[in-house]
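A.B. asks: Residues in the sequence shown are numbered from 321 upward in steps of one, following the working numbering.
From the three backbone atoms N, C-alpha and C, an ideal C-beta is built for every residue, glycine too.
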Amino acid sequence: MDVLDKLQETTQYIRTQSQVKPRIGIVLGSGLGAFVNHIQVDCEIPFAEIPNFVAPSVEGHNGRLVLGELHGVPLAVMQGRVHYYEGHSMEQVAYPIRTMAMLGIETVILTNSAGGLNPKMKPGDLMVIEDHINLMGDNPLMGPNIKNLGPRFPDMTEAYDKQLTAKMLQLLESQNVPHWKGVYCGVSGPTYETPSEVRFLQIIGGQAVGMSTVPESIAANHLGLRVCAVSCITNPAAGIHTTKLTHEEVTEMANSVEKQFCDFFDAFIKEI
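(1) Within its chain, find whatever has a CB closer than 6 Å to the CB of aspartate 458; leave out the 5 residues flanking it on each side and keep chain order.
(2) Contact check, valine 550 vs isoleucine 449 under 8 Å by CB: the rounded distance?
(3) At the level of alpha carbons, what is the spacing between proline 535 and tyrosine 415?
(4) If I follow the unbroken alpha helix (DSSP H) through arginine 519, where does it start and stop?
(5) Between the Cα of threonine 511 and those of Ile344, Met456 and Asn541, spot the shortest distance and give me the residue it belongs to.
(6) Relative to the C-alpha of methionine 531, which candidate in Arg401, Lys326, Ile344 and Thr419 has its C-alpha closest?
(7) Contact check, leucine 348 vs threonine 431 under 8 Å by CB: the rounded distance?
(8) Is the region 496-512 close to the region 462-476, with three or more CB pairs under 8 Å?
(9) Between which residues of its own chain and leucine 491 is the CB-CB distance below 7 Å, once the five residues before and five after are set aside?
(10) Could you check which residue in Ser576, Gln412 and Met422 has the C-alpha nearest to that of leucine 469?
(11) Rounded to the nearest angstrom, what separates valine 577 and alanine 557 at their Cα positions?
(12) So what's alanine 421 in DSSP terms, helix, strand or just coil?
(13) With a CB to CB cut of under 7 Å and the five nearest residues on each side skipped, what residues in its chain are close to asparagine 465?
(14) Between histidine 403 and glycine 509, which are expected to be in contact by the criterion C-beta below 8 Å, what is the C-beta distance as a whole number of angstroms?
(15) Compute the Euclidean distance between the alpha carbons of leucine 484 and glutamate 426, then round it to the nearest angstrom.
(16) On the DSSP bridge assignment, give the partners of methionine 398 in chain order.
(17) When the Cβ atoms of the region 436-451 are set against those of the region 538-546, are three or more pairs found closer than 8 Å?
(18) Can you tell which of Thr336, Asn555 and Ser377 has the C-alpha that lies nearest to the C-alpha of isoleucine 365?
(19) Which whole runs of the beta strand (DSSP E) in the region 466-550 are 3 residues long or more, in chain order?
(20) Which residues in the same chain have their Cβ closer than 8 Å to the Cβ of glycine 525, if we skip the five residues on either side of it in sequence?
(21) Does the distance from the C-beta atom of phenylalanine 367 to that of leucine 385 stay below 8 Å?
(22) For my contact list, valine 428 and glycine 345 are in at a C-beta cut-off of 8 Å; report their separation, rounded to the angstrom.
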């Protein structure tokens, strides 16, 4: 079965579970899944029950597709994601984005937990992603191009929609939320970066580093979707401080800014 046949099978199944026709898709990263509590939920489907989906194996990623509305806007929300480092192919990592596009979304909002490369960043700050650097050593568009999804060589000049990015920044400013804007470096993981790698990322212009988001952004741009993204800075990257990093602490920090993050997202959905 080719990718298009799989996508058709997946979307047909989802449509038997819910009549919601989403306009906006959201991917919630580590520790950020509580946003679904703000939504008027129509249906929740575990990834494991959706044909051709794979379930995440990482703590902090529930692995559910939530369909519903917020402020009258129909949404498809991925509560958790799968990662390249879990041993999945880039096609599998990008598959939920392609599924949401088949369901009808026009805009996708990506979120993640990330390490801060700027020494001035504090845990709990948000960073609006203006651009990314793909250091994963792979790309979800490798292999034969699927013309029905997008062009062979998609342009990435404006990988993150400038208007949506500006709205995010304006809203964070109005809410007095500590925030930054900058370049996100996507790495494969699952190891955290060495101090030398962090210095390299700083030299090439990165402000945050993480193990997700980039494949989803590439797939979304290939599909012609509007993309915007925000990182929750959960920790200083290795070498900036002497503290060693653990996933539990990353998830804990993301959970601690839950209300601030959810209030921002609630207002952002209302704005767009």
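C.D. replies: In brief:
(1) Met410
(2) 7 Å
(3) 10 Å
(4) 515-523
(5) Met456
(6) Per the Cα distances, Arg401.
(7) 6 Å
(8) no
(9) Phe584, Ala587, Phe588 and Glu591
(10) Met422
(11) Taking the straight line from one Cα to the other gives about 19 Å.
(12) Residue state, collapsed to three classes: helix.
(13) Arg472
(14) 7 Å
(15) Each residue's Cα considered, the two are about 13 Å apart.
(16) Val347 and Leu385
(17) As far as the Cβ criterion goes, the region 436-451 does not touch the region 538-546, which means the pair count is below three.
(18) Thr336
(19) 499-507 and 528-530
(20) Ile453 and Val503
(21) yes
(22) With a Cβ gap of about 4 Å, valine 428 and glycine 345 count as contacting.
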